[in-house]
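Enquirer:
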Amino acid sequence: MSYLKLVTENYNYILYSTFGLFIILLISLILKNRPKKYNYFIKLIKKNLKKALDKLDQLDDIDIKEELILYGEKDLNEADYLTIKDYLIDDYLLKRLLNKITNSDSHDRAKAGRTLIKIGTPQAIDYVTCLLYDEDKEIRNLIIEELSKLQNPRIITTLINYLDNCEDLVILNSLKKAFLKIGKKSSYELLKLLNSDNSTHVSWSIKLLTEIGDDRAIEPLIELLYNHPKFEVRIIAARGLAQLDLEGNFKFLKDKLGDENSEVRAEIVTLLGQYNQDEVASLLYNLLFDNSKLVRNNTCQSLLKLGDIGIRQLILAVEKDDIQEDVLQFLNNIDALDLIKSTKNVYEVKQLDQNFDFLDLNELNLSNY
């Protein structure tokens, strides 16, 4: 009995092993022949287009058809490629591709999606949009990237509408790259997005319009800077205005030095520090007495960037009784020699002697040098 059991077990092992080996060899053969089939059709198309079309008419292998659509453009002349592509595209192929993107593994879904995008018809694009919601994030990123290459209004609208269901930061970054690739062609839809109730999407759109560099965004950004209820949006709008036209938008940024939110004021102070104008130094002087430490710190930094004229405002503020300790500490951290040289330039002292007798630092409430 034990002998029969041993023989049976060995037989089953050999049977399963043989079957497994057969499957592996079959798959290897298919994979090995696939590029041969593609290359065969490429050569046949170049040699005899009519015969190639007849062969393709009898071909049921969707993988070869996908590869001809995806890669034939680089291996064929334009006329032959367009002929083959138009010949292959029909409702039957589109339905089979739709079936692949809904019932296949991730590799085949991605390949079918790329093929549909390469086909590019309205029906094909409608089919492929379901992959924007695929469980595989890499496929979603791939489809966004491939769609951006088409750069037509339908694609732009599709990607904008996709935002309503997208909060994933990685996917949002992929969308950003896609819109940057599309460029100003996407501005019209992005400008409409500035009216969204979703502040994340508004901020995202501001950043994109700013990087694209579309001046049509200036008026909407001014409106957002003055009136948007979320301070985060007002901050990003201010940055956008400064990046698009620093000089032209000076007035609007200056007005928001009085914003009720300290983080907005702190950002405006930093942005104004980029202006090399005497007027800026005088404006920033008042912010040294702001009730927010963040605002005061940013003001000190901006005044320091302005050089001598900015340091003059710092020195004048130090002479006030209500100056905050953090402003004094900021000056204490400035290199003493740099501070004295700047003071010399401001007050037009003609000669700086070895003992720096022209300036009594104690009278300015400074110490620890």
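In the UniProt record's numbering, the protein residues as written are 1 to 369. Built from N, CA and C at the ideal position, the CB exists for glycine as well.
#1: Alpha carbon to alpha carbon, what distance is there between ILE155 and ALA52?
#2: Mark PRO153 as exposed unless 16 or more other C-beta atoms lie within 10 angstroms of its C-beta, in which case mark it buried.
#3: Could you check the C-alpha separation between ILE236 and ALA266 for me, to the nearest Å?
#4: Is the separation between the beta-carbon of ILE171 and that of SER148 shorter than 8 Å?
#5: Leaving aside the five residues before and after GLN313 along the sequence, list all residues of the same chain whose C-beta is less than 6 Å from its C-beta, in chain order.
#6: Relative to the C-alpha of LYS176, which residue among GLY240, TRP204 and LYS95 is closest?
#7: Taking the CB atoms as reference points, tell me whether LYS184 and ILE144 lie closer together than 8 Å.
#8: What does the alpha-carbon distance come out to for the pair ASP105 and ILE64?
#9: Note the first and the last residue of the continuous alpha helix (DSSP H) segment covering PRO122.
#10: For LEU272, tell me which candidate among THR102, GLU78, ASP245 and LYS111 has the shortest Cα-Cα distance.
#11: Buried or exposed for THR157, please, with buried defined as at least 16 other CB atoms from any protein chain shown within 10 angstroms of its CB.
#12: LYS184 by DSSP, collapsed to three states: which one?
#13: Return helix, strand or coil for PRO229, following the three-state DSSP convention.
#14: Distance check for ASP308 and LEU150, CA to CA, integer angstroms please.
#15: Taking only the alpha-carbon atoms, compute the straight-line gap between ASP54 and PRO122 and give it to the nearest angstrom.
#16: Drop a sphere of 10 angstroms on the beta-carbon of residue 373, count the other beta-carbons inside from all chains shown, and report buried for 16 or more, exposed for fewer.
#17: Check whether the Cβ atoms of VAL202 and LEU190 sit closer than 8 Å, and answer yes or no.
#18: Which residues in the same chain as TYR81 place their Cβ atom closer than 6 Å to its Cβ, once the five residues preceding and following it in sequence are excluded?
#19: If you count every other CB in all the chains shown that lies within 10 Å of the CB of LYS32, and 16 or more means buried, which is it?
#20: Excluding five sequence neighbours on each side, which residues of the same chain lie with their C-beta closer than 6 Å to the C-beta of ASP127?
#21: Helix, strand or coil for LYS65 per DSSP?
Expert: Judging by the given coordinates:
#1: Just so you know, the alpha carbons of ALA52 and ILE155 end up roughly 33 Å apart.
#2: Exposed is the label assigned to PRO153, since fewer than 16 other Cβ atoms lie within 10 Å of its Cβ.
#3: Cα to Cα, ILE236 sits roughly 13 Å from ALA266.
#4: Going by C-beta atoms, ILE171 is not nearer than 8 Å to SER148.
#5: The beta carbon of GLN313 is closer than 6 Å to those of ALA281, TYR285 and LEU303 in its chain, skipping five residues each way along the sequence.
#6: The shortest C-alpha separation from LYS176 is found at TRP204.
#7: Not in contact: LYS184 and ILE144 (Cβ atoms no closer than 8 Å).
#8: Whole-angstrom Cα-Cα distance: 18 Å.
#9: For PRO122, the enclosing alpha helix (DSSP H) stretches over residues 122-128.
#10: Considering only alpha carbons, the answer is ASP245.
#11: So THR157 counts as exposed.
#12: Helix.
#13: Here PRO229 carries a coil assignment [DSSP, helix/strand/coil].
#14: C-alpha separation (whole angstroms): 53 Å.
#15: ASP54 and PRO122 have their alpha carbons spaced roughly 27 Å apart.
#16: There is no way to answer for residue 373, as the model of the chain reaches only from 1 to 369.
#17: For the pair VAL202 and LEU190, the CB atoms are not nearer than the 8 Å cut-off.
#18: The beta carbon of TYR81 sits closer than 6 Å to the beta carbons of GLY72 and GLU73 from its chain, once the five residues preceding and following it are set aside; these are given in chain order.
#19: With a pLDDT of 45 at LYS32, under the threshold of 50, the modelled position of this residue cannot be trusted; read the value that follows with caution. That one is exposed.
#20: The sequence given here places Tyr at residue 127; Asp does not occur at that position. Only LEU98 and LEU116 meet the Cβ criterion.
#21: Correct three-state label for LYS65: helix.
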